[in-house]
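Before any comments, here is the structure.
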Amino acid sequence: MNAFKNIIDTYKLQDPAATNAFSIIINYPGIHAIFFHRIAHFINKIGLKFLARFVSQLSRFLTGIEIHPGATIGKRLFIDHGNGIVIGETAEIGDDVVIFHQVTLGGTGHDKGKRHPTIENGVTISTGAKVLGNIRIGSNSKIGANAVVLKNVPKNSTVVGIPAKVVKLNGEKVNISL
Amino acid sequence: MNAFKNIIDTYKLQDPAATNAFSIIINYPGIHAIFFHRIAHFINKIGLKFLARFVSQLSRFLTGIEIHPGATIGKRLFIDHGNGIVIGETAEIGDDVVIFHQVTLGGTGHDKGKRHPTIENGVTISTGAKVLGNIRIGSNSKIGANAVVLKNVPKNSTVVGIPAKVVKLNGEKVNISL
Amino acid sequence: MNAFKNIIDTYKLQDPAATNAFSIIINYPGIHAIFFHRIAHFINKIGLKFLARFVSQLSRFLTGIEIHPGATIGKRLFIDHGNGIVIGETAEIGDDVVIFHQVTLGGTGHDKGKRHPTIENGVTISTGAKVLGNIRIGSNSKIGANAVVLKNVPKNSTVVGIPAKVVKLNGEKVNISL
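Protein chains in written order, with the working numbering: chain A, 1 to 178; chain B, 1001 to 1178; chain C, 2001 to 2178.
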């Protein structure tokens, strides 16, 4: 229950349009997707892979957000809008991460095993960004809208574009290819 | 009723695949989304914020198009395909605007109050474009597919890329950063 | 029936997370979308355009994948995730093509008649890519995530960015504007 109180507090904090707990529980698909994922992830862990996948796909139908049951998600994930999000089987998401609609944490087709990204604590991923492959996004970094990230991103940086370049690092403007 | 006759005429004009009024009313999610938004916007205005938001989220589930009840939308908006569209609370859209699927009129997280864009009359926003922040898109301008627009755009221009640059202005080819 | 055995084998081959035929039939929206499209395409061919469009829109609601009934699709199309895909009326897709979520095979508004792309055999189109206009994507080429492709693409090439450039051709690194 604490986990859900945490999540509702997160939504109140992050969204200027969020008003009260009841409205958030009913009206925020991101909340529903995380709720379904906790169930699917547990079912997956005890080996019922078909049922886990079915819960995940039911959640995709209801919320537009597709999270593979195997994905590992930390505390207080804030999903805004959410429609079109895809999170792959071996993705790992830390605490206090913000993910907007149409973000993909996906694969490149080159890797086996761990083939999706690891997102460290406090990262924000803006709408439409694609983060692909077994890469690591350093803590508190920001990924710009529609960016395509294929390499590791250092912490405390802002990356934008296709392919994504670092345009800010530790608060200073830079222009560094990854 | 006039408003809906207007909208149907718009869809017939804009889409070479649109055939007759009945087919448009049944088969075009953009029509449904605008219909739900008119209701949600009215309910929001009279202060029933939870119910307004609920209608908006029901519309998102049925159409894949998410329009905050507070958003202001002009006449003859043409939404093509529509899935993945997000329009924020303080966005303002003029008349005769065309918006394709996966377009976001969103915020950057830096602003309070008016934090979403203003789209002037006759603007076309192509699929996947993200228009973010309290900026103004000048009348009759075109925003290219997957563009990311973070600054004001002059009227009669075409902007493309990440971040978006002006590549056409008043019919002449140019290359201007915003 | 053979067509569906083909499709299930394709999904097993392409997705490391796909386990068995039953799970694929139930849990893969790409399968459902292709199933609905085969029906809609047939209904469209015999002239029942309204009903064909209705089946297509029902499929969009259930799967998040919008394929116009008129589109021509070859054998063993693999649609991964799929949410947000839009395929236009005059698009033509060859055999063994792979299309990820949020891909658009759309129009530019400049053409009449054949106004959507032709995708040759063995092409892979990554998530978020927009392929627009009456253009041809050569066989076995790859289109990068969030790329915007407005011109013909040679076969055996990799194209990325906005607008898309060729970065690989016949296995060698290149940098060629289209």
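Idealized CB from N, CA, C, for every residue including glycine.
{"Query": "Proximity of Thr104 (chain A) and Thr2118 (chain C) at Cβ, strictly below 7 Å", "Result": "no"}
{"Query": "Asp1009 (chain B) - partner residues in DSSP beta bridges", "Result": "In the DSSP output, where bridge partners are listed per residue, Asp1009 (chain B) has none listed."}
{"Query": "Given 8 Å, three or more beta-carbon pairs between the segment 1150 to 1161 of chain B and the segment 2106 to 2116 of chain C", "Result": "no"}
{"Query": "First and last residue of the uninterrupted beta strand (DSSP E) at Ile99 (chain A)", "Result": "98 to 100"}
{"Query": "Contact set between Ala1145 (chain B) and chain C, taken where Cβ atoms lie within less than 7 Å", "Result": "Lys2130, Leu2132, Val2148"}
{"Query": "Contact with chain C by His1068 (chain B), beta-carbon distance below 7 Å", "Result": "no"}
{"Query": "Buried or exposed (CB count within 10 angstroms, at least 16 for buried), Arg1053 (chain B)", "Result": "buried"}
{"Query": "Test item: CB-CB of His2068 (chain C) and Val86 (chain A) under 7 Å", "Result": "no"}
{"Query": "Cβ contact check for the segment 1069 to 1080 of chain B and the segment 36 to 51 of chain A: 3 or more pairs under 8 Å", "Result": "no"}
{"Query": "Beta-carbon proximity of Ala2033 (chain C) to Ser2056 (chain C), cut-off 7 Å", "Result": "no"}
{"Query": "Nearest-angstrom Cβ-Cβ length linking Ile135 (chain A) and Asn152 (chain A), presumed shorter than 8 Å", "Result": "5 Å"}
{"Query": "Residues sharing a beta bridge with Asp80 (chain A), DSSP", "Result": "A:Phe100"}
{"Query": "Buried/exposed call for Asp1009 (chain B), threshold 16 Cβ in 10 Å", "Result": "exposed"}
{"Query": "Pair within 7 Å by beta-carbon distance, Glu1089 (chain B) and Thr1072 (chain B)", "Result": "no"}
{"Query": "Beta-carbon neighbours of Gln182 (chain A), restricted to chain B and to distances below 7 Å", "Result": "Limits of chain A in this structure are 1 at one end and 178 at the other, which puts residue 182 (chain A) out of reach."}
{"Query": "Proximal residues of chain D, C-beta to C-beta of Ile162 (chain A) below 9 Å", "Result": "Among the chains of the structure shown, chain D does not appear; the protein chains present are A, B and C."}
{"Query": "Reduced DSSP secondary structure (H/G/I, E/B, other) of Leu2132 (chain C)", "Result": "strand"}
{"Query": "Amino acids of chain C, ordered along the chain, whose beta-carbon sits closer than 7 Å to that of Phe1127 (chain B)", "Result": "The sequence shown places Thr at residue 1127 (chain B), not Phe. The answer, in chain order, is Thr2104, Gly2106, Lys2130."}
{"Query": "Where Leu2062 (chain C) sits in the DSSP three-state scheme", "Result": "helix"}
{"Query": "Supposed close pair Ala145 (chain A), Val1160 (chain B) - CB separation, criterion 8 Å", "Result": "About 14 Å; that fails the 8 Å criterion."}
{"Query": "7 Å CB neighbourhood of His2041 (chain C) in its chain, flanking five on each side removed", "Result": "Pro2069"}
{"Query": "Any beta strand (DSSP E) of 3 or more consecutive residues that is wholly inside the segment 2126 to 2172 of chain C", "Result": "2130 to 2132, 2157 to 2160, 2165 to 2169"}
{"Query": "Cβ pair Val2098 (chain C), Thr2124 (chain C) closer than 7 Å", "Result": "yes"}
{"Query": "Min CB distance His2081 (chain C) to chain A below 7 Å", "Result": "yes"}
{"Query": "Chain C contact for Phe42 (chain A) (CB, 7 Å cutoff)", "Result": "no"}
{"Query": "Chain A within 7 Å of Ser2023 (chain C), Cβ atoms only", "Result": "yes"}
{"Query": "Pick from C:Gly2109, C:Leu2178, C:Asn2020 that is closest to Ile2137 (chain C), judged by C-alpha positions", "Result": "C:Leu2178"}
{"Query": "C-alpha gap between Gly133 (chain A) and Thr2108 (chain C), whole angstroms", "Result": "32 Å"}
{"Query": "Contact set for Ile2025 (chain C): own chain, Cβ-Cβ below 8 Å, skip 5 residues either direction", "Result": "Ile2008, Ile2031"}
{"Query": "Rounded distance between the beta-carbons of Ile162 (chain A) and Ile1065 (chain B), thought under 8 Å", "Result": "Actually they do not touch by this definition, with Cβ atoms about 26 Å apart."}
{"Query": "Inter-residue Cα distance where the pair is His1037 (chain B) and Asn170 (chain A)", "Result": "42 Å"}
{"Query": "CB contact below 7 Å: Gln57 (chain A) versus chain C", "Result": "yes"}
{"Query": "Range of the contiguous alpha helix (DSSP H) that encloses Ala2071 (chain C)", "Result": "From DSSP, Ala2071 (chain C) is part of no alpha helix (DSSP H); its letter is neither H nor E."}
{"Query": "Chain-ordered chain B contacts of Phe2050 (chain C) [CB-CB under 7 Å]", "Result": "Ser1023"}
{"Query": "Sequence-distant residues of the same chain with beta carbon closer than 7 Å to Thr1063 (chain B), five excluded per side", "Result": "Pro1029, His1032, Ala1033, Gly1082"}
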